[in-house]
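Engineer: Numbering (this note's numbering), first residue to last: 4 to 281.
Just so it is clear, CB atoms sit at the ideal spot from N, CA and C, and this is done for glycine as well.
1. Verify whether the separation of the beta carbon atoms of residue 61 and residue 34 is less than 8 angstroms.
2. Buried or exposed: which applies to residue 67, given that a residue is buried once 16 or more other Cβ atoms fall within 10 Å of its Cβ?
3. Just to confirm before moving on: does the CB-CB distance between residue 92 and residue 77 stay below 8 angstroms?
4. Suppose you measure from the CA of residue 117 to the CA of residue 123; what does that come to, to the nearest Å?
5. With a threshold of 7 angstroms on Cβ separation, who are the neighbours of residue 215 within its own chain once the five nearest residues in sequence on each side are excluded?
6. Return the chain-ordered list of same chain residues with a C-beta closer than 8 angstroms to the C-beta of residue 180, the five sequence neighbours on each side being excluded.
7. Among all the DSSP beta bridges, which residues are the ones paired with residue 56?
8. Please classify residue 150 as buried or exposed, where buried requires at least 16 other C-beta atoms within 10 Å of its C-beta.
9. Alpha carbon to alpha carbon, what distance is there between residue 39 and residue 19?
10. Determine the extent of the alpha helix (DSSP H) in which residue 163 is found, giving its start and end residues.
11. Residue 229 by DSSP, collapsed to three states: which one?
12. Check residue 88 in the structure and name its three-state DSSP category.
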């Protein structure tokens, strides 16, 4: 026969709120000495941290700390009613106003942040760049990278060109831009006389706008971008002469009106009246 084994189950007992420590609200409030008394608000409650260990929460009225709480932990020794303070700190509440999570400067940097006089170092392991002495799959790079004394230390890698092309295509100078959507379907940059194609691997998809009157002048645009300043945009004007209708008088619409003689008028055939001078 097998032996019967007794299984012992252990359960974690929740700490019981010590009433002596829970009633020591004034003691806990007096322990907040980092700020003025006016910066400590109402008592928000107390929780049990352990046996005879209680944390009191008070409203924080400091400017810029909306939703934060003062937390004061108090305790007492067994069979003693004297409460002492263990720790005082400032903690965020459930609806506290918190600063955004910290990010390295490389991830915080946004396009347009670089100002006059600023320096932006490029990491040595930037995946967008590749050493200039490596053979490249971009013909434009091959033409210049090996020029004696003029070769660049690093050139754009395939990842760098792909990322750049996608950013340009999805931006304000791609086919989805509002000005491109509103333009005629035939008014695409790739067929415009002011379109200056790029060199290298991006030549088939991108170029620079050279139209002084276009909103994208001097900017890189995709070949299927468009606007109303296309070189072949023509406004058709009507040159047909306007026929003037002849003036027609309808005698049947004329109403005869009898006009009476005004006082002093002379009938035809009557002698003229003297004017009183010879």
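Structural biologist: Here's the rundown:
1. no
2. exposed
3. no
4. About 8 angstroms.
5. Same-chain partners within the cutoff: there are none.
6. 174, 228
7. Answer by DSSP bridge pairing, in chain order: 53, 78.
8. Only weak support is given to the placement of residue 150: the predicted model assigns it a pLDDT of 49, under 50, and the question is left unresolved by the model.
9. 32 angstroms
10. 161-173
11. strand
12. Assignment of residue 88 by DSSP, reduced to helix, strand and coil, places it in the strand class.
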